[in-house]
Amino acid sequence: MMSTKSFYVYMIHLSKEVLIKDAPDKGRWTSKKFIKKNPQYDLKSKVKPCVYIGYTSILPEERYLQHKERIPKKKPSKTGKPVRNWNPYAAEFGIRLEKRKKPFKKIHKSMFAAKIHEQNLANYYRKKGYAVWGGQKE
């Protein structure tokens with residue numbers, strides 16, 4: 009039986025503060041770590057955007073709100089604690105969801121296809137000089 013679930017790749021524009029301020033998440037989400045993932049970014053001019061790219065099975069608008077409102081996963085961890093369901097960079101520094109660019113309007117029929125698209129777009133925007141979080145191979 010084929011899955012009827014849809015998957016989307018989305019981009020959140022981040023404030024340039026991500027380059028100088030740490031996200032308040034126990035010191036793991038630092039500006040230094042963000043910059044290290046983006047050695048191609050021109051830190052002197054800071055002309056190109058900073059973005060977060062991810063994929064989801066819900067509408068990108070809903071996913072953006074989950075990041076911004078720091079909504080945990082519905083299912084708690086084995087210890088009963090809430091599980092983080094947002095990216096600290098997107099939560100703290102996200103300023104808007106990209107809605108105009110064509111690659112982010114595509115609907116995927118599999119999670120694998122969305123994940124590959126996410127990685128390809130992250131690499132594409134890095135090559136264009138953007139500072140990108142997301143699209144990392146796991």
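Residue numbers for the sequence shown follow the working numbering, so the first one is 9 and each next one is one higher. For every residue, glycine included, the Cβ atom is placed at its ideal position computed from N, Cα and C. Source: prediction; values computed, not measured.
- Within the stretch 32-92, the complete alpha helix (DSSP H) runs of at least 4 residues fall at 39-44, 68-76.
- Residue 132 carries a helical assignment under DSSP once its states are collapsed to helix, strand and coil.
- Its chain contains 16, 71 as the residues whose beta carbon lies nearer than 6 Å to that of residue 64, once the 5 sequence neighbours on both sides are disregarded; these appear in chain order.
- The stretch 52-63 makes contact with the stretch 21-28: 3 or more CB pairs, one atom from each, lie closer than 8 Å.
- In terms of Cβ geometry, residue 137 and residue 55 form a close pair [threshold 9 Å].
- Residue state for residue 124 is assigned as helix, using DSSP reduced to three classes.
- Between the stretch 95-104 and the stretch 24-33, the count of Cβ pairs shorter than 8 Å is three or higher; the stretches touch.
- Contact annotation: residue 139 and residue 49 have beta-carbon atoms nearer than 9 Å.
- Between the C-alpha atoms of residue 122 and residue 12 there is a straight-line separation of about 14 Å.
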